[in-house]
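Numbering (UniProt numbering), first residue to last: 1 to 296.
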């Protein structure tokens, strides 16, 4: 890294990095917590410098544009810095080299990936007709780039369509829930609609359906606490030793009064409750479970 090579001078200067690769600009704007471990180490090395990163198209890079008037068939030769960045991205992915090679080979025969490669090389505006499948990637065009025939969105591998089912099965090997599976996917792979595909796969998984946790009961809603006694009371009925009772509880003091009643008829319940209210006062609010004896 040039800044590290000239530390004695770089520490006192405001460094300006001009890049011709848009995905690197988008990657640099991500917070450190959202970067892979390798990219975190890469950007942590720059924290001691005062620097800015800008994007400039190739035609505005006059020196390099002048030197590229007669390009070779393969006119791009990666610099050591680019090679280091590419390796850091690929090494940080939790995907084996064999699987990366399979994805690379699949990309060569995938018409959508080849169309995206052409659009990235020639420009999205240069093609008047963009396929419907390619339009799904239009919003990510500044984050897409190719590395050794692998299509990446920043530091995530874009999985070719022929391998998506296999990747979904790999992500769901442990039968984790939807949230955790999506979280794992976001660390390594991407394609438009991946979250929806994961949700549909888990909802149709017979193993998950068999062992899924039932709907938890709703939490109890606490009542507003009164400011004085006998403002808010609760009423309940219970049966004990062959007899019926009515119970009244004060929310403020937790005072309980129980009265024996001969039946649950309204003609019996109402006088019993009136006698309790006569002793303590008429409350402003009466809470009940809505059972038949409470409907008077």
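Ideal Cβ positions, reconstructed from N, Cα and C, are used throughout, including at glycine.
I'd like the list of long-range same chain contacts for residue i, defined as Cβ closer than 7 Å, with 5 residues on each side in sequence excluded.
i: residue 133; result: 112
i: residue 6; result: Interpretation of residue 6 is limited by its pLDDT of 49, a score under 50 that renders its predicted location unreliable; no figure is taken from the coordinates.
i: residue 271; result: none
i: residue 108; result: 149
Name the DSSP bridge partner or partners of residue i?
i: residue 135; result: According to DSSP, residue 135 bridges with nothing at all.
i: residue 239; result: 244
i: residue 302; result: A query on residue 302 cannot be resolved here, the shown segment of the chain reaching from 1 to 296 and no further.
i: residue 146; result: 151
i: residue 261; result: 244
For residue i, does the three-state DSSP call read helix, strand or coil?
i: residue 254; result: coil
i: residue 190; result: strand
i: residue 100; result: helix
i: residue 287; result: strand
i: residue 154; result: coil
i: residue 168; result: helix
i: residue 211; result: helix
i: residue 249; result: strand
i: residue 119; result: helix
i: residue 173; result: coil
i: residue 110; result: coil
i: residue 227; result: coil
i: residue 204; result: coil
i: residue 218; result: coil
i: residue 130; result: coil
i: residue 159; result: coil
i: residue 31; result: coil
i: residue 276; result: helix
i: residue 270; result: helix
Pick out whichever of the options has its Cα sitting closest to the Cα of residue i.
i: residue 175; options: 183, 202 and 193; result: 202
i: residue 228; options: 194, 280 and 221; result: 280
i: residue 283; options: 241, 248, 290 and 232; result: 232
i: residue 148; options: 181, 192 and 106; result: 106
i: residue 139; options: 160, 161, 159 and 116; result: 116
i: residue 291; options: 235, 188 and 273; result: 235
i: residue 274; options: 41, 188, 223 and 248; result: 248
i: residue 189; options: 180, 173, 257 and 164; result: 164
i: residue 225; options: 285, 100, 114 and 170; result: 285
i: residue 186; options: 172, 173, 156 and 162; result: 156
i: residue 99; options: 124, 137, 110 and 170; result: 170
i: residue 255; options: 266, 114, 276 and 180; result: 276
i: residue 289; options: 237, 258 and 110; result: 237
i: residue 278; options: 257, 265 and 263; result: 257
Residues in the same chain with beta-carbon distance under 6 Å from residue i, minus the five sequence neighbours each way, listed in chain order, please.
i: residue 199; result: 178
i: residue 1; result: Residue placement at residue 1 is flagged as unreliable, the pLDDT there being 48, under the threshold of 50; the coordinate-derived value follows with that caveat. If we look at residue 1 and ignore the five residues flanking it on each side, it has no Cβ neighbours.
i: residue 182; result: 195 and 198
i: residue 230; result: 250, 280, 281 and 283
i: residue 205; result: none
i: residue 159; result: 167, 189 and 191
i: residue 104; result: 149 and 150
i: residue 8; result: Its pLDDT being 48, under 50, residue 8 is placed unreliably by the model, and nothing is read from it.
In its own chain, which residues sit with a C-beta less than 8 Å from the C-beta of residue i, not counting the 5 before and 5 after it?
i: residue 168; result: 197, 198 and 201
Comparing the CB of residue i with every heavy atom of the ligand COA, is any distance shorter than 7 Å?
i: residue 145; result: The ligand COA is not part of this structure, which contains no ligands at all.
For the stretch 147-166 against the stretch 207-227, do three or more pairs of beta-carbon atoms, one drawn from each stretch, fall closer than 8 Å, so that the two count as touching?
no
Just checking, does the stretch 107-121 make contact with the stretch 134-144 on the three C-beta pairs under 8 Å criterion?
yes
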